[in-house]
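Sequences listed follow chains A and B, in order. Each residue of the first sequence is one higher than the one before, starting from 14 at the first, in this note's numbering. Each residue of the second sequence is one higher than the one before, starting from 201 at the first, in this note's numbering. Ideal Cβ positions, reconstructed from N, Cα and C, are used throughout, including at glycine. Right, one structure below, let's go through it.
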Amino acid sequence: MRTPLRIAYVLDPRFPGGTSSAVAAELKVAARFGRITVHAVEGSMFRGRTVAPALETAFDDLGIEPVWDAPVISADLVILHNPAFLKFERQFGARIFCRDLIAVTHENFERPGGVEGFDAAKCLALIDRATLALRKHVAPVSAANRRTLAGWFARQGAPAGWQVLPDDWFNICAFETLPPTATPADRRGRHSRAGFEKFPSLEIMDRCFPAHAGANVILGADGLIAQRLARPHWTLLPFGAKSVEEYFGMIDFMVYFTSPAWRESFGRVLAEAMAAGKVVISDPATAESFGGGVIGAAPDEVDAIVARHVAEPKLYRAQVARGQAAMARFSAEAFAAMFGAVADRAGGRAAA
Amino acid sequence: MILIEAGERTDQGFEAKVHFAAQLSARGHPAVIDDTTLPETLERGGRYEAAPYLRDLTGARIDRLIVVAAEAVAEPVLIRLRQIDFAPEAPVTVIGRFPERQSRISAQSKIAYATGREPQVIDLAALAPAALPGSTGLSAAAPLPDQAAGQVPNLILLLTADALAEPGTLATLLALDHLPSLRLHVVLPGRARDHLKALPFAPARILGLADLAPAALAQLADVAVVAGEGAPSDRLAAIATDVIAGGRTLIDCTMDAAFAGTNAPVLRGPQHLAALPNYLSHTVLPNRAEIARRVAESSWAGLLRIETLETMIGLTAPVAPEPAGTGRILFLPTNGNGLGHARRAMLVVREMPKEREIAFAAFPSCIPMLSAAGYDCLPLVSKSRVHGVEHANDLVNFMRLRRALREGDRLVFDGGYVFDSIHRTILEKRLEATWIRRGLWQAGQITPSALHREGTFAQVIVPEEAFPELNTDLSFGRHIRKVGPIVGDRPAHDAATTRAKLAERLGREFRELVVTMLGGGVAADRTAQMQLLSALCERRKGCLHLTLIWPGSTVPPALYGWKNTLVCQTRNAPDYAAAADLVVTAAGYNSFHEVLYHRLPAIFVPQMAGFMDDQDRRARAASDRGLAVTVAAEELLLLEREVTAFLDGGKGAELRSALAAVDLPKCGNKAAADLVAAEDWR
């Protein structure tokens, strides 16, 4: 009988937002392939925050008791989520012994324009110094994220001893799928965390959420609220002020542009909207990750796109269908297939 | 317009941006600070320092953004940046001393997200790795100007508050203050400054650390000494850096060699201040030239000049610094309680050589008089209860003076209290300044704190009182220049002519003329006295009672009901007074001396207030000599008796005789004008 693969997850479980949900879903898939341990590391990046609820639930469901700040982490396969959590650290507190180490890069190594996104060299070096492994990989979460790694490697030099995993370590998007509305209206919205990187300039916001729209609902608008803007036609809601379900009930179009100086590495919020049966519009680069599921456009084109889909509900329904079809690529099963291949390689090596 | 922002909304952050804005501004760049970021708790000195750069950004278009002290970038800063209207191509620069790569990346990212444009990042830790401790690394705006040859070098002694508490420090300060080879300026944190000023014995020149911008303090220093314990503040480090960058001598007397412990070109001085006078006299001063040479030759890695930053930021070649002044002399009379200071200043100006370029800066009450006399006048703002803060008017005046004056211009201040605006402008613009300060003060007013700004002036002209016992020496030294009383001319017309013209203008004949000059009620309410005088004159047939006030002043409306009393707003009060049978007047400097020198029969009703000169003593000096009568404000019965004695009892004639016979000192108008017109005020 083959010894179950020992899989160790290393992460800061206080990571906020959708990434925690994705990791929670991933743990359930990974549990099919071996014995899971979770090593919780307290980085200073999320100081003061508590364990993300999605992860807490997953730990409970899987009967996993996370090990906090273990001095030694040993497994066949170690999956370290989001190496960027080490960017403010002076050292990585544990020693890792494994055959394969995979660092899943949830943050882009570069921002648009080839600007360094975070001190990736330091983060990888900290991990490298703490690790004794046969192979070390970085695993991008999307094609777009992969491109930022390639750009960073080209500009900063590829870190010695690290390889880029050929498979995208995508977010599992296990959202409940809802049908599109039969009578779409010009009801627009966007949701995200409140960070400045998530929002474009006010000028673009004005173009995307005009006074003539039937509704403009902005969830996660803490920064806009603080600016005390005079936009009576905007419904500004702080992050967490409404459940995502309530919010989706208020809109038919998700219009999502970010600061031009930043880009989503995966775009989980877009997937969430597609699953909720909404037409999603974003910049072409962000839209690319979802095939035709997200309409790539410039802010100037948003009005026309919305008008067309309102005028032609059939078109609206077709677009939602395209989006929901595109999400099949990010299902738990698709992830299991990808993970299985990785686990097989690691398991094979472990057996050998 | 270049907006200077700091990474955090802290006092330290605000200070950093004011410092940098000042440096860029001195280089001719239009640096501004968002006025919404002014900390409410900012102390008074900081407000003056920031005022020149504060702007209301409503509707303003920003052409460039520079974020300094960006080691940490806080959310309120980012929120504000989102609200600001940047020009489409406005470049953004982030400057910080980043302890690690990630903090630099974080600062860059945050600013990029907030502004929507990628900033250039300048890491001072890489550019000037060995900066003085506490320094933001932003350094000298420009090479400091050379001290004029032959002048006594300025010693700036920067002390921490605890150094003042050390036994022996005060004695050392006083010893240094009397070194003829140095001109001591003691610089202390605000509270310690106030404490030192309040002592009965203190050095002549005391400044708060925030009383002047770091660059202005540095440029004042030929030799700077830092003493005390504890880590130096950013401000202290900025001053020290500027001093070194300017090729001046910096001496570190701190207990733990905070500056000398670096490789900066700094002298290690004695930790015990008692040794400082000898160290300066025998080690530093004889070797200043050699020290300066070595400082200039040093290749200190901590020094980063503003010119370097300017180039890195991509600012275009600096506009030529502010051109030197033309040597214009700006007279600034305070408004006091009347127009006395302005009138005295005018009398001095009138004696000045015609070729000198002269202008006035004056408060609203004085402007009509000065304008009518043909002088250019920069309007100043008076204090008002409706202003948000007590010194709001002085902040505006500082801004106006700062714009109006340039290095090379001169300032003549006539007044009692040297306002912050005047003090700062003199020091920041390196102006030569003269203080015209009358000598008669009330007992208790003569304190070091009343005089602590005297050292800012090259000379103090003291117009003396007519009687020697009234002349009080408040301070001593070669800079004190005494002149005779400054007195207005006798009227051009004789009394008969003036009376005839008056009768013709008024269309009424009068036999006797009483002139009252008791003011417009600002310093003291004289309604009762004026009513009494009006009632007395009403009873007298052929009596004309002129109540003279300055244009714009007011008197109680009831005075207008009397038939023999006429309220007259005039600038020719001396003409009418000279034609009067009796003058009833306060005993301010000008009117008192005009009464004496114009030999007028007068009753003095002194005005006394804590902030005024000692009018009672002045009036009684004349009445004790039988040259006038003094009636206290509350002595209404005596006032009635004396008026009757003057008009019916021949007292007026007696006083005229006594006045005709008295020998008064020579007027000082010309002497004061000569002192002001002199090329060398020192």
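Beta carbon of residue i nearer than 8 Å to that of residue j
i, j, result
"residue 201 (chain A)", "residue 266 (chain A)", "yes"
"residue 656 (chain B)", "residue 679 (chain B)", "no"
"residue 822 (chain B)", "residue 684 (chain B)", "no"
"residue 327 (chain B)", "residue 515 (chain B)", "no"
"residue 97 (chain A)", "residue 52 (chain A)", "no"
"residue 317 (chain B)", "residue 287 (chain B)", "no"
"residue 686 (chain B)", "residue 668 (chain B)", "no"
"residue 12 (chain A)", "residue 340 (chain A)", "Only positions 14 to 365 of chain A appear in the structure, and residue 12 (chain A) is not among them; the question remains open."
"residue 525 (chain B)", "residue 606 (chain B)", "yes"
"residue 881 (chain B)", "residue 658 (chain B)", "yes"
"residue 256 (chain B)", "residue 290 (chain B)", "no"
"residue 713 (chain B)", "residue 699 (chain B)", "yes"
"residue 106 (chain A)", "residue 120 (chain A)", "no"
"residue 491 (chain B)", "residue 449 (chain B)", "yes"
"residue 132 (chain A)", "residue 174 (chain A)", "no"
"residue 251 (chain B)", "residue 598 (chain B)", "yes"
"residue 768 (chain B)", "residue 733 (chain B)", "no"
"residue 800 (chain B)", "residue 846 (chain B)", "no"
"residue 288 (chain A)", "residue 194 (chain A)", "no"
"residue 691 (chain B)", "residue 757 (chain B)", "no"
"residue 389 (chain B)", "residue 409 (chain B)", "yes"
"residue 11 (chain A)", "residue 315 (chain A)", "Only positions 14 to 365 of chain A appear in this structure, which leaves residue 11 (chain A) out of reach."
Beta bridge counterpart(s) of residue i as assigned by DSSP
i, result
"residue 560 (chain B)", "B:531 and B:577"
"residue 241 (chain A)", "For residue 241 (chain A), which the question treats as bridged, DSSP gives no partner whatsoever."
"residue 229 (chain A)", "A:201"
"residue 804 (chain B)", "B:785 and B:830"
"residue 634 (chain B)", "B:612 and B:659"
"residue 295 (chain A)", "A:269 and A:309"
"residue 24 (chain A)", "A:53"
"residue 206 (chain B)", "B:268"
"residue 323 (chain B)", "B:296"
"residue 164 (chain B)", "Any property of residue 164 (chain B) remains undetermined from this structure, which presents chain B solely from 201 to 882."
Counted within 10 angstroms of its Cβ, other Cβ atoms place residue i as buried (16 or more) or exposed
i, result
"residue 31 (chain A)", "buried"
"residue 341 (chain B)", "Caution applies to residue 341 (chain B), whose pLDDT of 44 falls short of 50 and renders its modelled position unreliable; the model cannot decide the point."
"residue 750 (chain B)", "buried"
"residue 365 (chain A)", "Low confidence applies to residue 365 (chain A): its pLDDT is 44, below 50, so where it sits in the model is not reliable, and the reading given next is rough at best. Under this definition residue 365 (chain A) is an exposed residue."
"residue 153 (chain B)", "Past the boundaries of the shown model lies residue 153 (chain B); chain B is included only from 201 to 882, so the question cannot be answered."
"residue 363 (chain A)", "Low confidence applies to residue 363 (chain A): its pLDDT is 49, below 50, so where it sits in the model is not reliable, and the reading given next is rough at best. Flag for residue 363 (chain A) reads buried."
"residue 285 (chain B)", "exposed"
"residue 254 (chain B)", "buried"
"residue 562 (chain B)", "buried"
"residue 184 (chain A)", "buried"
"residue 205 (chain B)", "buried"
"residue 313 (chain B)", "buried"
"residue 161 (chain A)", "buried"
"residue 144 (chain A)", "buried"
"residue 275 (chain A)", "buried"
"residue 815 (chain B)", "buried"
"residue 356 (chain A)", "buried"
Nearest-angstrom beta carbon gap, residue j and residue i [assumed within contact, 8 Å]
i, j, result
"residue 113 (chain A)", "residue 90 (chain A)", "5 Å"
"residue 177 (chain A)", "residue 151 (chain A)", "6 Å"
"residue 703 (chain B)", "residue 807 (chain B)", "Incorrect: roughly 31 Å between the Cβ atoms, too far for contact."
"residue 299 (chain A)", "residue 211 (chain A)", "Incorrect: roughly 12 Å between the Cβ atoms, too far for contact."
"residue 427 (chain B)", "residue 473 (chain B)", "6 Å"
"residue 602 (chain B)", "residue 625 (chain B)", "6 Å"
"residue 828 (chain B)", "residue 795 (chain B)", "7 Å"
Residue i beta carbon near the ligand PLP (any heavy atom closer than 7 Å)
i, result
"residue 331 (chain A)", "Absent from the structure shown: the ligand PLP. Ligands present: none."
In chain order, what are the residue ranges of uninterrupted alpha helix (DSSP H) at least 4 long that sit wholly in the region 711-748 of chain B?
727-738
I'd like the ranges of any alpha helix (DSSP H) spanning at least 4 consecutive residues and lying wholly in the region 130-172 of chain A.
DSSP assignment within the region 130-172 of chain A yields the following whole alpha helix (DSSP H) runs of 4 residues or more, N-terminal first: 133-143 and 156-169.
What beta strand (DSSP E) runs, 3 residues minimum, are completely inside the region 27-58 of chain A?
47-53
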